[in-house]
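Visitor: Chains as they are written, first to last, in the working numbering: chain A, 1136 to 1466; chain B, 29 to 400.
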């Protein structure tokens, strides 16, 4: 018997692969959302699932996010493992009541009698010339809520491993998929059911001059910046945070102890973002190693512009390089 | 192969310092073409490319220390393509700007270098103002914290006493080996002189010493041995692989002249010259620097009568040869002026007795005293 070579997959195909794998492995896993069944999802993340698993496990819902989240909470607390899709993250606000007031505190409120093993998948982020409320990055809202895990994958392989973990996790996970890089890269993804740990950062480039911390679609620009700087002899350690809540500060601190300098990049608006939390913890725990102030390169504190001006909002490789150079030149 | 990792360069060397890249990112390289020169603990080693390809990334620059197994270079991957239905304008694979993201570490990377020195921003600013390198400052605060006082003291030391520097490469190896030797070996050194008046004009002292060591090892084979102090085992060695200390501007090297008992004088002379030349050019392979069974330090080519040469484990003996001088000697009941070679023999007294060492030295002297 010969084994087939592993197939190259895009990030969105890796989502599909992980969903199918886990649905085959665990009958309690169900998928629901707008257009996820017959249509296969607007991004094709759930393509083919209805054909394989049927309409009892792959359910089209009305265009009603409060309903999707509420049904998911009900299913999860009663023994199923729902993976609900919010078609764009901008539509998630109608579901906040269920996410924050029920999903996040189900285990605590019932003193452990019930738990809420649900995954809420939502494509998020800008850069695809979509309307403004399709393009925001509001991950900090969820990272602020005790009881939620917030996971953002950034490559096909990590998407596969992290989504498996998210589905297997006994508590609610907000799984935010950076849609700008849904199809940007292809990578070998082996469908072996091996999950990646939640709550751990990934070190994508080892370096010793500066630590570059980011997540989601910005990982792509961060790696480009690191590779360009490597040509000039600047060695950048690139960390993909991946799980924003709970935050693996240990890996970031370990790196900053070595490099003494840190730049955080996120597409989300600057103020009160996850970058601010990382910077604050570095100030608390790594002050004595820092050789320069921690710099944030982040989105503006404005509503996402309409797509004509979107490119001015998005963070480009040059800005990351400039920020790194400024931080290296400090002191 | 996408990533070529620093291979094991042998003899348990776990780290290497990059000396020079022989290729730039974007350039094509062929199998076995020279990729990088690295300095191991003992020599400069040329690392060839394992495959044909285009170099995408070089990991590290000259002066960086790499550990075995860490990526050295990344090769360009094959181009990729993709199609797909999207909402909005979504870029797809095979765009020119795609970056490699196949290799990642779960959690943090291993520390390649020592962690940063810890100090408050104010102390860091002080060091900057006084032009003090924090790496050179010893910390007096708790948990290795550098205080303002430490920086001021370091500044004062530098301006009053002169700058210090960190030992690198072979100097570092020497320092480590000597520390280890001092900690482990119970060393005794005995001294004597050989009257070499019989030597014909133009006799090469080094080659005579090599021959005499061979003769002495035949009398006392236990001095040509490796000793393991933990297991308390002595391994007398079948071959005599003589380490010869060579002084260079870069530091001390001890290349190994192999199997001296089975080779004739001309062959040994050529071998020795080749080793010296290789050391001088820093092209000696690490394999030629390890596995010595006994050592000769011919410091007499510089200065010094008797020495106290240090036995480096696992060997158990080292012979020191001092400056050959004319001396007043008692010769056949008369006062005479002869050329005399002073000798020093250090041995590890844990496995070797004074009697064995004495008989070894005597055999050494007997052979050296011969005319030819």
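Every residue, glycine too, gets a C-beta built ideally from N, C-alpha and C. Computed from a predicted model, the values in this text were never measured in an experiment.
#1: Skipping 5 residues on each side, what residues in its chain have a beta carbon closer than 7 Å to that of residue 31 of chain B?
#2: Just the chain A side, please: which residues come within less than 7 Å of residue 161 of chain B by C-beta, in chain order?
#3: Under 9 Å between the Cβ atoms of residue 1376 of chain A and residue 1307 of chain A?
#4: Below 7 Å on C-beta distance, what does residue 1332 of chain A contact in chain B?
#5: The alpha helix (DSSP H) with residue 81 of chain B in it runs from where to where?
#6: Pick helix, strand or coil for residue 264 of chain B, following the three-state DSSP scheme.
#7: Is there at least one Cβ from chain A nearer than 9 Å to residue 32 of chain B's Cβ?
#8: Cβ atoms of residue 1421 of chain A and residue 1465 of chain A: under 9 Å apart, would you say?
#9: Quick check on the DSSP output: the alpha helix (DSSP H) that includes residue 1185 of chain A runs from which residue to which?
#10: Answer yes or no: does any C-beta atom of chain B fall closer than 9 Å to that of residue 1424 of chain A?
#11: Can you give me the Cβ contacts of residue 1302 of chain A inside the same chain, cut-off strictly under 7 Å, excluding the 5 residues immediately before and after it?
#12: At a CB-CB cut-off below 7 Å, which residues of chain A make contact with residue 173 of chain B?
#13: Mind listing the chain A neighbours of residue 130 of chain B? Cutoff is C-beta to C-beta under 7 Å, in chain order.
#14: In the DSSP assignment, what are the bridge partners of residue 52 of chain B?
#15: Run down chain A in chain order and give the residues with a C-beta less than 8 Å from the C-beta of residue 235 of chain B.
#16: To the nearest angstrom, report how far apart residue 75 of chain B and residue 63 of chain B are at their CA atoms.
#17: What are the boundary residues of the beta strand (DSSP E) that residue 1284 of chain A is part of?
#18: Determine the burial state of residue 119 of chain B: buried for a count of at least 16 other Cβ atoms within 10 Å of its Cβ, exposed for fewer.
#19: Considering only the alpha carbon of each residue, which of B/282, B/293, B/353 lies closest to residue 318 of chain B?
#20: Taking any Cβ of chain B, which residues in the region 1330-1354 of chain A have a Cβ under 8 Å from it, in chain order?
#21: Under 9 Å, Cβ to Cβ, is there at least one residue of chain B near residue 1255 of chain A?
#22: Could you tell me whether any Cβ in chain A is nearer than 9 Å to the Cβ of residue 88 of chain B?
#23: Quick check: the Cα distance between residue 1292 of chain A and residue 175 of chain B, rounded to an integer number of angstroms?
#24: Beta-carbon of residue 1416 of chain A versus every beta-carbon of chain B: anything under 9 Å?
#25: What are the complete alpha helix (DSSP H) segments, minimum 4 residues, inside the region 1256-1287 of chain A?
#26: Say whether chain A places a C-beta atom closer than 9 Å to the C-beta of residue 200 of chain B.
#27: Determine, using beta carbons only, whether residue 1224 of chain A and residue 1181 of chain A come nearer to each other than 9 Å.
#28: If you measure between the beta carbons of residue 389 of chain B and residue 161 of chain B, is that distance less than 9 Å?
#29: Look up residue 330 of chain B in the DSSP assignment and say whether it is helix, strand or coil.
#30: Is there at least one Cβ from chain B nearer than 9 Å to residue 1390 of chain A's Cβ?
#31: Would you mind stating whether residue 1351 of chain A and residue 1401 of chain A have Cβ atoms separated by less than 9 Å?
#32: Please go through the same chain and pick out, in chain order, the residues whose beta-carbon is closer than 7 Å to the beta-carbon of residue 86 of chain B, but skip the five residues on each side of it.
Guide: According to the structure shown:
#1: These residues qualify, in order along the chain: 99, 102, 131.
#2: Simply none; closest approach about 13 Å.
#3: Inclusion of residue 1376 of chain A and residue 1307 of chain A in the CB contact set at 9 Å is not warranted, their separation being larger than that value.
#4: Within chain B, the residues near residue 1332 of chain A are 134.
#5: Counting along the chain, residue 81 of chain B falls outside any alpha helix (DSSP H), though it belongs to the beta strand (DSSP E) covering 81-86.
#6: strand
#7: no
#8: no
#9: 1184-1188
#10: yes
#11: 1157, 1164, 1216, 1218, 1254
#12: Chain A residues near residue 173 of chain B: 1423.
#13: 1322
#14: The partner list for residue 52 of chain B (beta bridge, DSSP) is empty, contrary to what the question assumes.
#15: Neighbours of residue 235 of chain B in chain A, taken as residues whose beta carbon is under 8 Å from its own, are absent, since the nearest beta carbon is some 48 Å off.
#16: Distance between the alpha carbons of residue 75 of chain B and residue 63 of chain B: 6 Å.
#17: Its beta strand (DSSP E) spans residues 1284-1286.
#18: So residue 119 of chain B ends up on the buried side.
#19: B/282
#20: 1331, 1332, 1335, 1336, 1337, 1338, 1339, 1341, 1343, 1354
#21: no
#22: yes
#23: 46 Å
#24: no
#25: Runs of the alpha helix (DSSP H) inside the region 1256-1287 of chain A: 1274-1278.
#26: no
#27: Going by C-beta atoms, residue 1224 of chain A is not nearer than 9 Å to residue 1181 of chain A.
#28: In this structure, the beta-carbon distance from residue 389 of chain B to residue 161 of chain B does not fall below 9 Å.
#29: coil
#30: yes
#31: yes
#32: 49, 53, 101
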